[in-house]
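For the sequence shown, full-length UniProt numbering begins at 1 and goes up steadily by one.
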Amino acid sequence: MNRRSFIAGAATASVATISMANTLPMEIPKKEKRYQNGQSPWPICLDTATIRPAKGLEKKVEIAIAAGYDAIEPWDSDLAEYEKSGGDLKKLGAKIKEAGLFVPSMIGLWGCIPQNEEEFQKSLPATKNRMRMASEIGCTYVQAIPNQVGENYDVAFVASCYRRLLEIGITEYNVIPALVFVKMFPLKTMGQATAVALDANHPKAKIIPDVYHMYISEGGFEGLRLLNGDIFAIFQFNDAPKGMEIADMEDKHRVFPGDGILPLPQILKDLKTTGFNGCISLELYNPEYHSMDLLEVAKTGLQKTLKVIKEAGV
1 MNRRSFIAGA
11 ATASVATISM
21 ANTLPMEIPK
31 KEKRYQNGQS
41 PWPICLDTAT
51 IRPAKGLEKK
61 VEIAIAAGYD
71 AIEPWDSDLA
81 EYEKSGGDLK
91 KLGAKIKEAG
101 LFVPSMIGLW
111 GCIPQNEEEF
121 QKSLPATKNR
131 MRMASEIGCT
141 YVQAIPNQVG
151 ENYDVAFVAS
161 CYRRLLEIGI
171 TEYNVIPALV
181 FVKMFPLKTM
191 GQATAVALDA
201 NHPKAKIIPD
211 VYHMYISEGG
221 FEGLRLLNGD
231 IFAIFQFNDA
241 PKGMEIADME
251 DKHRVFPGDG
261 ILPLPQILKD
271 LKTTGFNGCI
281 SLELYNPEYH
291 SMDLLEVAKT
301 GLQKTLKVIK
311 EAGV
């Protein structure tokens, strides 16, 4: 083959290669996983506080299954009572999984971040026992409750405690402590919780927003879209009642999503833009709901949550 023939052949081959490349199928984007028969981009979880009067953890699990939830979020008192009555948390976790549900987190590590190092060390046995229970039932996360950090808390110390809780939870129990914020506690706002999580300087640091406490702490919702969804472990969901002053609102006043005054569709739109793909967890403490049929309460809560998601168009 002479040089001219080689060049001509190479040119023809190049054109053919380009033509083939242009006809190859484009990489198909991964399809987003959806839940609730495609109605939600997030799994919907039932916080057991919503049906607190139900007798025993197994009953609460049965209600979550019957109502059609994707997950259930128990409290430490649920798990402790279940063990005290002879129950095996590992076996219950397996039953929950067999039923098609999962347990994203447990509430919570009470008093896990106190005001000083001495109290922190004293708190560790109870904290570790709660982590153990969360691990045995199959939780991914366990809520770190800052109820004893003290007024005018030292952010550096709180962040140090939280980092150590992360190390203990992950290495010893395979659970990830996630920091909550509550208006009634010294650590009140999403901004304050985020600051602690960042200063903990740990790759698994997480926070758990609650729309109710975002509102009544007056931290607001605009900061949500500024965060990456990886920082959220789960997202607590409810609504604030109509006709009340914000200063008078307590946990017991939460209402079903969509029945109150919060801009929930916009909040969910903003949450979607963060890339968050964890659980939306319905958390209500309303005594009026507790006096009703608890299965109907769970069903109504799920239906109203899905209605808001539909309104959000996510």
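C-beta: ideal position from N, C-alpha, C; glycine also.
P257 and L284 have their alpha carbons spaced roughly 10 Å apart. The three-state secondary structure of L227, taken from DSSP, is coil. Annotation for L92: the continuous alpha helix (DSSP H) segment containing it runs L89 to E98. Cβ neighbours of N228 within its own chain (closer than 7 Å, five residues either side excluded): T274 and G275. Where V61 is concerned, the enclosing alpha helix (DSSP H) starts and stops at L57 to A67. Cα atoms of A71 and N129: separation of roughly 23 Å, rounded to the nearest angstrom. Along the segment 131-208, the beta strand (DSSP E) occurs as fully enclosed runs of 3 or more residues at 141-144 and 176-180, listed in sequence order.
Residue state for F120 is assigned as helix, using DSSP reduced to three classes. Contact check for A178 against Y212 fails: the beta carbons are separated by 7 Å or more. Shown here for N286: same chain residues with a beta carbon closer than 8 Å to its own, the five before and five after excluded, namely K252, H253, R254 and V255 in chain order.
Nearest C-alpha to A200 among E167, N238, I280 and E62: E167.
A distance below 7 Å separates the beta carbons of I107 and W75. Judged by their CB atoms, V180 and I137 are not nearer to each other than the 7 Å cut-off.
With the rule of 3 Cβ pairs closer than 8 Å, the segment 109-123 counts as touching the segment 138-156. Secondary structure at I267: helix, using DSSP grouped into helix, strand and coil.
With 16 or more neighbouring CB atoms inside 10 Å of its own CB, Q192 falls in the buried class. M106: not part of any alpha helix (DSSP H); member of the beta strand (DSSP E) spanning S105 to L109, first to last residue. For A71, the enclosing beta strand (DSSP E) has its first and last residue at A71 to E73.
Taking a C-beta distance under 7 Å as the contact criterion, L124 and A144 do not qualify as a contact pair.
Spanning the alpha carbons of I246 and D270 requires a straight line of approximately 23 Å. Comparing alpha-carbon positions, the option among E83, D293, Y162 and M133 lying closest to Y173 turns out to be M133. For D248, the number of other beta carbons within 10 angstroms of its own is below 16, and it is reported as exposed. Rounded to whole angstroms, the gap between the alpha carbons of V175 and D78 is 18 Å. Shown here, I44 sits in a strand according to DSSP, grouped into three states. Residue state for D239 is assigned as strand, using DSSP reduced to three classes. Contact between I51 and A298 is confirmed by a C-beta separation of about 6 Å, below the 8 Å threshold.
According to DSSP, Y35 shares a beta bridge with S40.
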